[in-house]
Structure formats: structure tokens, C-alpha cells
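Mapped onto our numbering, the consecutive letters of the sequence shown carry residue numbers 6 to 133. Even for Gly, the Cβ is constructed at its ideal location relative to N, Cα and C. Fair warning: this is a prediction, and the values are worked out from it, not measured in the lab.
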Amino acid sequence: GYLLYRLPRTRKSSLCLFIIGYFNLDVYVFTISSLNDYSLKSLFTKLPQHCIVLLEDIDVISASQNSPANTKVSLSTLLNVLDSLVSSISRLLIITTNYINRLDLALIRPSYVDIKLELYLANKDIIN
């Protein structure tokens with residue numbers, strides 16, 4: 006899986022679109038802040054075998070508590086559905102966050118995240 010991180014407006018979504026296009030698979034986008042434990046589990050059980058799962062702004066899951074106020078998805082539920090996802094070698098996981106330091110280390114362990122990409126704002130040197 007991929008972890009794309011850095012501050013807002015660093016084009017994480019654009020890079021996600023590139024990755025999605027490269028692998029040419031259907032993508033399923035999950036915005037954790039709009040889900041609860043039940044809906045997340047239910048949606049994950051309906052995923053096809055070959056797909057990309059995009060978890061956007063995963064930093065709403067707090068590293069300090071199991072059921073943060075920002076979301077109705079608990080860390081333990083998210084870890085359980087990720088375990089079921091990574092057991093399938095034909096599914097690709099992409100996680101985005103603005104604040105990597107807010108993530109519980111269990112969310113970005115090697116079994117979930119193989120590649121961590123820190124994105125920066127483009128400056129004149131990069132553009133040229």
C-alpha cells in the first residue's frame with residue numbers, strides 16, 4: 006500500500022489519480038469522517054477482489070484514543086477491516102493524511118503501507 010502525506014494543497018489527490026490510472030483498477034474511496042464502524046465493515050465486505058481502496062484523511066482517527074470525537078469509526082474496527090483487505094494480494098491500499106504524526110503507528114505498519122511518500126508544495130525550481 007501507499008501512504009501519501011503532507012500539508013493540504015500538496016496534490017495528494019492528483020497523485021492518487023495517477024496511481025489509479027496506472028493500475029487501471031476500479032477505485033473505492035472511503036472518507037473515514039463520514040462513516041461509522043458498522044458502515045465501514047459493511048462496505049469493506051462488498052469490495053471486489055481486484056480493486057484500489059482509497060482511505061482519505063485518515064488522520065481523523067486519533068492515535069490517543071480508540072473512538073475519537075472526530076469520527077464514529079474506532080481504531081480497532083479500522084485495523085480489523087485493513088487486516089481483511091491486505092490478506093488479498095489483488096487489492097491496493099492508498100492512504101492519505103495531512104498529519105502523519107497524528108496517526109497510530111499500527112495504521113502505517115509495513116503490512117499495510119509499503120511506500121510512504123511525503124509531498125511538498127511546488128516551487129519555481131520544481132516547476133521549471
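Just the Cα atoms here: how many angstroms apart are residue i and residue j?
i, j, result
"L98", "P115", "12 Å"
"S81", "V65", "14 Å"
"T102", "I94", "23 Å"
"L90", "A127", "33 Å"
"K121", "L8", "5 Å"
"Y43", "D130", "47 Å"
"Y27", "L20", "11 Å"
"G6", "I105", "15 Å"
"N29", "I57", "9 Å"
"L124", "D62", "14 Å"
If you count every other CB in all the chains shown that lies within 10 Å of the CB of residue i, and 16 or more means buried, which is it?
i, result
"L110", "exposed"
"N71", "Model confidence at N71 stands at a pLDDT of 49, short of 50, so the residue's coordinates are unreliable; what they give is reported in the following sentence. When all chains shown are included, N71 counts as exposed."
"L60", "buried"
"D119", "exposed"
"K17", "buried"
"V78", "buried"
Kindly indicate the opening and closing residues of the beta strand (DSSP E) around residue i.
i, result
"K121", "120-123"
"Y117", "Y117 -> no beta strand (DSSP E), and no H or E assigned at all."
"V65", "No beta strand (DSSP E) contains V65, which DSSP labels as neither H nor E."
Where does residue i fall in DSSP's three states?
i, result
"I24", "helix"
"I57", "strand"
"L51", "With the sequence shown as reference, residue 51 is identified as Lys, and Leu is not the correct amino acid for it. K51: coil per DSSP, three-state reduction."
"N29", "coil"
So if DSSP puts residue i in a beta bridge, which residue, or which two residues, is it bridged to?
i, result
"I100", "L8, L60"
"N128", "Note: N128 sits in no beta bridge, so no partner."
"N41", "K77"
With respect to the alpha helix (DSSP H) encompassing residue i, which residues constitute its N-terminal and C-terminal limits?
i, result
"V86", "80-91"
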